[in-house]
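Heads up: the structure comes next, in structure tokens.
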Amino acid sequence: MSPLSAHTGLRQRPLTTAHLAQTMTLIGLSAVELEETLAAELASNPALELVSEIRCPTCGRRLKRMPCPVCHVAPRANDGPIVYLSACGTTTGTMRGEGTDGEEREAVEPRAPEKLAEHILRQIAPALDVDDRPIAAYLLARLDERGFLPESPAESAQFLRVTLQRVQCVLNLVQHAEPPGLGARDTRQSLLLQLESLEEEGKSHPLARACIANHWDMLCRHDFGRVARILGVSREEVKDARDFIQRNLTPYPAQAFWGDGRGQPCADNSAYFRPDVIISRPPHDANGPLHVEVFTPIAGTLRVDPAIKNALAECEEGERESWERYVERAVLFAKCMQQRNNTMCRLLEAIACEQRQFIHGGDRDLKPLTRVSLAVRLGVHESTISRAVANKTAALPDGRIVPLSKFFDRSLSVRDAVKSIVAAEPRPLTDDEIAACLARQGYHVARRTVAKYRAAEGILPAAARRRQASYSNGQRR
DNA sequence: CTATGGCACGGATT
DNA sequence: AATCCGTGCCATAG
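Okay, so the first sequence: first residue is 11 according to the working numbering, each after it adds one.
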């Protein structure tokens with residue numbers, strides 16, 4: 011036996027801490043981030059190879075393995091969802107040896123998926139000094155999911171160690187990009203920015219600016235009478251301004267579908283987000299098992315390049331060591347990637363199973379579900395679930411795009427119940443009365459909590475609802 | 001006086 | 001260990 015053969019045992023690895031650490035990291039990444047990581051790894055590790063994808067011969071879908079679960083599904087119980095991996099097909103540049111045959115299927119896949127940050131960056135890049143790029147990147151990274159920038163320019167400047175002026179300059183660009191209103195500190199400022207952009211298009215309202223800028227809190231309380239008095243106009247005019255604001259502006263400029271779907275259809279914004287998983291109903295059988303697609307940037311399988319594996323035996327003593335390191339890293343990466351996919355699939359299978367009602371129905375059908383319970387069910391550590399759930403979104407059959415964490419929202423169904431109680435109330439109910447109503451439906455929550463839910467749903471307090479009602483009555487007579 | 005929102009505390013969850 | 005959430009208490013507005 012030559013001493014070299016000892017090195018061919020590539021399978022058994024000391025996969026311990028490094029393995030765990032990398033898997034953990036990968037699990038925490040969203041599909042988009044994972045794609046970047048994969049591209050970086052492919053670019054920097056010559057031993058890692060992406061072999062061509064497998065497609066289903068019948069439907070042309072990209073598959074992780076045969077058989078295609080859509081076309082010939084093994085019969086399964088109705089309550090068990092079908093889970094499979096699906097490549098999102100946008101693997102960046104490096105490896106794309108396949109022909110162009112897949113192009114017409116491309117249309118079926120999510121269109122022009124682009125992260126909001128990239129979208130903005132592309133717009134402002136021309137006007138941006140090269141030195142200011144890091145500032146822009148930083149600011150965009152700090153935007154919260156609503157599109158707001160919670161910190162002040164001064165804070166950013168201090169963190170970045172650049173002058174306040176430069177930050178403000180870049181921020182100004184961001185705030186005037188599309189969609190308008192991004193990068194504001196709060197809703198009020200955002201609305202003003204949106205108003206500005208509307209005015210540039212020639213659409214404006216005489217009172218809107220004053221209402222938002224100076225009488226915002228009164229407007230929130232629907233205290234139109236007082237605003238009208240201060241501005242010296244009629245209540246109708248103020249109400250008209252409010253309508254204009256509601257119709258043309260959005261409180262959360264980055265909001266796609268989530269939230270509660272109430273309000274803006276904003277179909278355009280949906281393109282800014284790419285879900286990490288897609289849950290769909292089988293085409294013909296509404297009661298059949300759900301389909302769950304977990305997106306992967308891999309269109310095929312990752313493996314160690316066999317050419318390199320073979321060459322390993324022949325290369326020089328000195329070089330061999332570094333090649334071995336590459337190979338080892340490649341094996342590790344592929345394994346971690348596989349592990350991630352496996353975990354994601356099993357997680358989504360469990361979620362789709364548990365929350366089947368919610369997926370078919372609405373918010374009120376959400377079952378209480380904790381990450382811990384799923385962790386024991388899947389036999390993984392609870393932090394794994396936390397990571398897997400974080401920063402990811404799912405597209406539901408009805409088009410809703412929701413963060414995965416929504417499946418674990420303890421209070422969603424109660425909040426939904428509050429909504430429907432208020433919607434059906436004969437007269438404005440106080441929080442106490444709503445609490446009593448809820449108790450009758452089996453939800454036992456404190457009055458204070460009702461107030462919080464109500465506020466979270468954007469429902470005004472009873473007194474304000476009363477005023478609203480009397481106002482519209484007054485209009486009628 | 002009543003309804004509500006702010007603050008803060010403790011327990012659960014991550 | 002850090003964070004989130006429900007809740008109680010208290011101040012305040014109407």
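Every residue gets a Cβ at the ideal spot worked out from N, C-alpha and C, and that includes glycine.
None of the values given here were measured: they were computed from a predicted structure.
Exercise. CB D253 to CB K402, shorter than 8 Å?
Worked result: Inclusion of D253 and K402 in the CB contact set at 8 Å is not warranted, their separation being larger than that value.
Exercise. Does DSSP put L259 in a helix, a strand or coil?
Worked result: Three-state DSSP puts L259 in coil, outside helix and strand.
For this session: Could you check what DSSP says for P285 in three-state terms: helix, strand or coil?
Result: In the structure shown, P285 adopts coil according to DSSP, grouped into three states.
Exercise. Looking at L357 and L388, is the spacing between their C-beta atoms short of 8 Å?
Worked result: Their beta carbons are under 8 Å apart, which means L388 touches L357 by this criterion.
For this session: Under 6 Å Cβ to Cβ from L36, same chain only, skipping five residues before and after it: list those, please.
Result: So the qualifying residues of the chain are C346 and R350.
Exercise. Which residues does DSSP pair with P413 in a beta bridge?
Worked result: Answer is T403.
Exercise. Which residue or residues does DSSP assign as beta-bridge partners of L312?
Worked result: L60, per the DSSP bridge assignment.
Exercise. If you run the structure through DSSP and keep just helix, strand and coil, what is G235?
Worked result: DSSP, read as helix, strand or coil, puts G235 in helix.
Exercise. According to the Cβ coordinates, are L192 and L217 closer than 8 Å?
Worked result: For the pair L192 and L217, the CB atoms are not nearer than the 8 Å cut-off.
For this session: Please classify V386: is it buried, with 16 or more other beta-carbons within 10 angstroms of its beta-carbon, or exposed?
Result: Around the beta carbon of V386, a 10 Å sphere encloses fewer than 16 other beta carbons of the protein chains shown; the residue is thus reported as exposed.
For this session: State the Cα-Cα distance for the pair D250 and T394, rounded to the nearest angstrom.
Result: So the two alpha carbons sit approximately 51 Å from each other.
Problem set entry | Cβ separation of E467 and V428, assumed to be a contact under 8 Å, to the nearest whole Å | A Cβ-Cβ distance of about 6 Å is found for the pair E467 and V428, placing them in contact under the 8 Å criterion.
Exercise. Is H232 closer than 8 Å to R477 when the C-beta atoms are compared?
Worked result: Judged by their CB atoms, R477 and H232 are nearer to each other than the 8 Å cut-off.
Problem set entry | Under the three-state DSSP convention, the category V243 falls into | In the three-state DSSP reduction, V243 falls in the coil class, being neither helix nor strand.
Problem set entry | Which of helix, strand or coil DSSP assigns to W268 | Because W268 carries a pLDDT of 31, less than 50, the predicted location of this residue cannot be relied on, and the following value inherits that uncertainty. It is coil, neither helix nor strand.
For this session: State yes or no: is the C-beta of L322 within less than 8 Å of the C-beta of E303?
Result: Their beta carbons are not under 8 Å apart, which means L322 does not touch E303 by this criterion.
Problem set entry | Enclosing alpha helix (DSSP H) for A461 [first to last residue] | From DSSP, the alpha helix (DSSP H) with A461 extends over R457 to A466.
Exercise. Hey, V42 and T311: beta-carbon distance below 8 Å or not?
Worked result: In this structure, T311 does not lie closer than 8 Å to V42 by Cβ.
Problem set entry | Through-space distance from T306 to E45, alpha-carbon basis | For E45 and T306, the distance between alpha carbons rounds to 8 Å.
Exercise. If we ignore side chains and look at the alpha-carbon of each, how far apart do Q32 and T353 end up?
Worked result: The alpha-carbon separation between Q32 and T353 amounts to approximately 14 Å.
For this session: In the DSSP assignment, find the unbroken alpha helix (DSSP H) run with H370 in it and report its ends.
Result: Run containing H370: R366 to H370, per the alpha helix (DSSP H) assignment.
Problem set entry | Backbone CA spacing between S96 and I361 [nearest angstrom] | Low confidence applies to S96: its pLDDT is 49, below 50, so where it sits in the model is not reliable enough to give any reading.
For this session: Output the distance between the C-alpha atoms of L208 and A194, rounded to the nearest integer angstrom.
Result: Approximately 16 Å, taken between the alpha carbons.
Problem set entry | Environment of T27 [buried if 16+ CB atoms lie within 10 Å] | It is exposed - the Cβ of T27 has fewer than 16 other Cβ atoms within 10 Å.
For this session: Determine the extent of the alpha helix (DSSP H) in which I431 is found, giving its start and end residues.
Result: Taken as a continuous stretch (DSSP letters only), the alpha helix (DSSP H) holding I431 covers L422 to A434.
For this session: Measure the CB-CB distance between S166 and Y148 and report whether it falls below 8 Å.
Result: Result yes, Cβ atoms of S166 and Y148 sit closer than 8 Å.
Problem set entry | Where the alpha helix (DSSP H) through C230 begins and ends | Counted as a single uninterrupted DSSP element, the alpha helix (DSSP H) harbouring C230 occupies residues A218 to C230.
For this session: Give the secondary structure of L174 by DSSP, where H, G and I count as helix, E and B as strand, and everything else as coil.
Result: Shown here, L174 sits in a helix according to DSSP, grouped into three states.
Exercise. Among residues of its own chain, excluding the 5 on either side of A474, which ones have a beta-carbon nearer than 7 Å to its beta-carbon?
Worked result: Excluding positions up to five away in sequence, the list reads R231 and H232.
Exercise. If we ignore side chains and look at the alpha-carbon of each, how far apart do P299 and S290 end up?
Worked result: Computed Cα separation, rounded: 9 Å.
Exercise. Can you name, in chain order, every residue of its own chain whose Cβ lies under 6 Å from the Cβ of E124, other than the five neighbours on each side?
Worked result: Note on E124: pLDDT 40, under 50, position unreliable in the model; no value is reported.
For this session: Under 8 Å Cβ to Cβ from A446, same chain only, skipping five residues before and after it: list those, please.
Result: So the list is empty, once near-sequence residues are dropped.
Exercise. Between which two residues does the alpha helix (DSSP H) harbouring Q32 extend?
Worked result: Secondary structure note for Q32: its alpha helix (DSSP H) is the uninterrupted segment T27 to G38.
For this session: Would you mind giving the Cβ-Cβ distance between L138 and A146, rounded to the nearest angstrom? I have them listed as a contact below 8 Å.
Result: Under the criterion of beta carbons closer than 8 Å, L138 and A146 qualify as touching, at roughly 6 Å.
Problem set entry | P144 versus F418, N182, A53 and V177, residue with shortest Cα-Cα distance | For P144, the nearest C-alpha among the options comes from V177.
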